[in-house]
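Going letter by letter, the sequence shown gives residues 90 to 472 in this note's numbering.
Every residue, glycine too, gets a C-beta built ideally from N, C-alpha and C.
Please read these numbers as outputs of a predicted model, since none were measured by experiment.
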Amino acid sequence: MAGRALQGFVEVIGVVSGLLGIVQFGMDNFAGEDDSVNSIIKIAVGLDGGGLSNAGGDLPDVRLFNEFGDFLGMSADPGFVADGTMAEIKVRHDGDLGQQATYTLFSANNNAICIGMATITWPDGSNWGWTAQWADPCGASWFFSNLRFKGAPDDPICMWIDANGDQPHTGFQIHWPSWAPETPPEQRTPEDQVGTSLTEEQLCFSGPPFQLKTEPGPRGIVFAPPRRGFTKERRGRKKRHASITARFNETTSGFNETTSGFNETTPGNNGTIIANQTQTLSAKSSYRPWYRDQLVVDYNPARSAKRLCNSDTSAGPDFANHAEGLFCSMEDKTIYPFCDGVETTTECFDTERQEVISGSAVLPRENRKRKYAKVLTWEGSGS
Numbered sequence: 090m091a092g093r094a095l096q097g098f099v100e101v102i103g104v105v106s107g108l109l110g111i112v113q114f115g116m117d118n119f120a121g122e123d124d125s126v127n128s129i130i131k132i133a134v135g136l137d138g139g140g141l142s143n144a145g146g147d148l149p150d151v152r153l154f155n156e157f158g159d160f161l162g163m164s165a166d167p168g169f170v171a172d173g174t175m176a177e178i179k180v181r182h183d184g185d186l187g188q189q190a191t192y193t194l195f196s197a198n199n200n201a202i203c204i205g206m207a208t209i210t211w212p213d214g215s216n217w218g219w220t221a222q223w224a225d226p227c228g229a230s231w232f233f234s235n236l237r238f239k240g241a242p243d244d245p246i247c248m249w250i251d252a253n254g255d256q257p258h259t260g261f262q263i264h265w266p267s268w269a270p271e272t273p274p275e276q277r278t279p280e281d282q283v284g285t286s287l288t289e290e291q292l293c294f295s296g297p298p299f300q301l302k303t304e305p306g307p308r309g310i311v312f313a314p315p316r317r318g319f320t321k322e323r324r325g326r327k328k329r330h331a332s333i334t335a336r337f338n339e340t341t342s343g344f345n346e347t348t349s350g351f352n353e354t355t356p357g358n359n360g361t362i363i364a365n366q367t368q369t370l371s372a373k374s375s376y377r378p379w380y381r382d383q384l385v386v387d388y389n390p391a392r393s394a395k396r397l398c399n400s401d402t403s404a405g406p407d408f409a410n411h412a413e414g415l416f417c418s419m420e421d422k423t424i425y426p427f428c429d430g431v432e433t434t435t436e437c438f439d440t441e442r443q444e445v446i447s448g449s450a451v452l453p454r455e456n457r458k459r460k461y462a463k464v465l466t467w468e469g470s471g472s
């Protein structure tokens, strides 16, 4: 289970073929060193290769909180991450060194990045992970990442975040334990291979497990207070952390206090469902001009042009999949079949011209996809 190694892997709840499933992260996705005072976060971003422009960029600010929502530490402007790579961010724990950072807030900087996965190693050596396969069902802006890692599905995707408006979401929070299977593998029944009692809706929209941020420079989290622990020790804990919060205020121009999004009267739930937590993106609102001259040509049947076009929140360059014989115009989310040299009176995508045509005639420029300045070819499942 997540939180400890299992035969060289850490298990994370993921989305497999559209259903809840188990993703096994290899240990190379976590910090390889012991650190008694820092939490170590690793972030992997999508592979550009000249096609998925701007997948790499500025690493997000990282803020850590414990299970009570107390601030533990942060790393501001941690640097740049190249596309298709994994970056490491160390966050020193202030005050009570070594506490478990069960919540992490990622706040985007001005250069958009497309995050494919994130992991954390706590000072006690526990490992936790999250996969961006959740971006699509959770309503985030996403695109295929072409990012390969141990345990990844055949259609890995990445999630866009940005601070300057190129993408709609400015950050996100994760409650790491929510993404760990609750039941050990040896105790799972055939009816419960995921090992969790949480539903997809609870994981995506109840607030604490995962929440997308749209406000400028997000600094606060929604958290679920433990059902026990509201004692003098809890109040004393707040008092001890007052100085930490004060220092945080000085360095961030104001800290938005963490807020509770937990309904304590709801049994078996990690919080109430927040129906409007995420901004529903239209095809046009998620489309940005810097995609316009780019095309991804793919041969992997798992990376579906139809899925990309049918998603309200997908965002990225135009996409042509030869295994499907389909082309997705991302600007207006329109699907076209390949022409494949067959005479047709309907509009189709000419793979040689790399243009949408009507029969044998190229559509007027204002009604068609123009020539692309950048074309990226993804070969099969191993590209």
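Would you kindly report the start and end of the unbroken alpha helix (DSSP H) that includes residue i?
{"i": "A394", "result": "394-399"}
Since residue i is in the beta strand (DSSP E), which residue starts that stretch and which ends it?
{"i": "Q291", "result": "Per DSSP, Q291 belongs to no beta strand (DSSP E); it is in the alpha helix (DSSP H), 289-294."}
{"i": "A133", "result": "127-134"}
{"i": "G254", "result": "It is not in any beta strand (DSSP E) - G254 carries neither H nor E in the DSSP assignment."}
{"i": "I446", "result": "444-447"}
{"i": "G162", "result": "160-164"}
{"i": "T466", "result": "463-467"}
{"i": "E304", "result": "Note, E304: premise wrong, no beta strand (DSSP E); not H, not E."}
{"i": "F157", "result": "Taken as a continuous stretch (DSSP letters only), F157 belongs to no beta strand (DSSP E), as it is neither H nor E."}
From this set, the options, which residue's C-alpha is nearest residue i's C-alpha?
{"i": "D243", "options": "V112, D421, L384, Q256", "result": "V112"}
{"i": "F261", "options": "G254, G309, F233", "result": "G309"}
{"i": "I129", "options": "N118, W211, L465, R237", "result": "W211"}
{"i": "D429", "options": "M419, I446, T423, C417", "result": "I446"}
{"i": "P266", "options": "T423, T191, G158", "result": "T191"}
{"i": "V101", "options": "I202, G173, Q222", "result": "Q222"}
{"i": "G205", "options": "A224, H182, N155", "result": "A224"}
{"i": "R442", "options": "A409, S286, G145", "result": "A409"}
{"i": "S286", "options": "P297, A269, G296", "result": "A269"}
{"i": "Y380", "options": "A394, D401, M419, K395", "result": "M419"}
{"i": "V104", "options": "L292, K422, D407, D213", "result": "L292"}
{"i": "L236", "options": "G228, T193, A171, P298", "result": "A171"}
{"i": "C247", "options": "A412, T423, G405", "result": "G405"}
{"i": "N253", "options": "K395, A133, P305", "result": "P305"}
{"i": "I202", "options": "C227, W231, G214", "result": "W231"}
{"i": "T402", "options": "P314, C227, P307, G296", "result": "C227"}
{"i": "F157", "options": "A313, S393, N389", "result": "A313"}
{"i": "L186", "options": "T220, D213, F169", "result": "D213"}
{"i": "E468", "options": "D407, Y388, H411, S400", "result": "Y388"}
{"i": "T220", "options": "G115, D407, S393", "result": "G115"}
Can you tell me whether residue i is helix, strand or coil according to DSSP?
{"i": "D150", "result": "strand"}
{"i": "N505", "result": "The structure shown does not extend to residue 505, since the chain spans only 90 to 472, so no value can be given for it."}
{"i": "S349", "result": "Bear in mind that a pLDDT of 42 at S349, under 50, signals an unreliable position, so the number given afterwards is only what the model happens to contain. Of the three classes helix, strand and coil, the one that applies to S349 here is strand, per DSSP."}
{"i": "I266", "result": "The amino acid occupying residue 266 in the given sequence is Pro; Ile does not appear at that position. DSSP places P266 in helix when its eight states are reduced to three."}
{"i": "Y425", "result": "strand"}
{"i": "D382", "result": "coil"}
{"i": "D172", "result": "coil"}
{"i": "D117", "result": "helix"}
{"i": "M419", "result": "coil"}
{"i": "G103", "result": "strand"}
{"i": "I178", "result": "strand"}
{"i": "S286", "result": "coil"}
{"i": "G260", "result": "strand"}
{"i": "E441", "result": "coil"}
{"i": "L95", "result": "A caution first: L95 carries a pLDDT of 49, below 50, which makes its placement in the model too unreliable to give a value."}
{"i": "K460", "result": "coil"}
Leaving out five residues before and five after residue i in sequence, what residues of the same chain have Cβ atoms less than 6 Å from its Cβ?
{"i": "D382", "result": "Y461, A462"}
{"i": "T208", "result": "N118, F119, K131, G218"}
{"i": "I178", "result": "I130, V151, S164, P167"}
{"i": "V464", "result": "L384"}
{"i": "C398", "result": "C417, K422, I424"}
{"i": "N478", "result": "Because the chain here runs from 90 to 472, residue 478 falls outside it and cannot be looked at."}
{"i": "S234", "result": "G135, G205, P245, I246, C247"}
Which residues in the same chain have their Cβ closer than 7 Å to the Cβ of residue i, if we skip the five residues on either side of it in sequence?
{"i": "D439", "result": "C428, I446"}
{"i": "T466", "result": "V386"}
{"i": "Q63", "result": "What is shown of the chain runs 90 to 472, which leaves residue 63 out entirely."}
{"i": "G149", "result": "The sequence as given places Pro at residue 149; Gly does not occur at that position. If we look at P149 and ignore the five residues flanking it on each side, its Cβ neighbours are F195, S196, A197, N198, I250, G260."}
{"i": "N155", "result": "L161, Q188, Q189, A190, T191"}
{"i": "R181", "result": "V126, N127, G162"}
{"i": "P307", "result": "L194, S196, T259, G260"}
{"i": "K395", "result": "E413, L415, I424"}
Excluding sequence positions up to five away, which residues of its chain have a Cβ less than 8 Å from the Cβ of residue i?
{"i": "S436", "result": "The question names Ser, yet the displayed sequence has Glu at residue 436. Cβ neighbours of E436 beyond the five flanking positions: Y425, V445, I446, S447, L452."}
{"i": "T303", "result": "P257, H258, T259, Q368"}
Output the residue ranges of the beta strand (DSSP E) runs that lie fully inside the stretch 180-245 and measure 3 residues or longer, sorted by chain position.
192-196, 202-210, 216-220, 231-233
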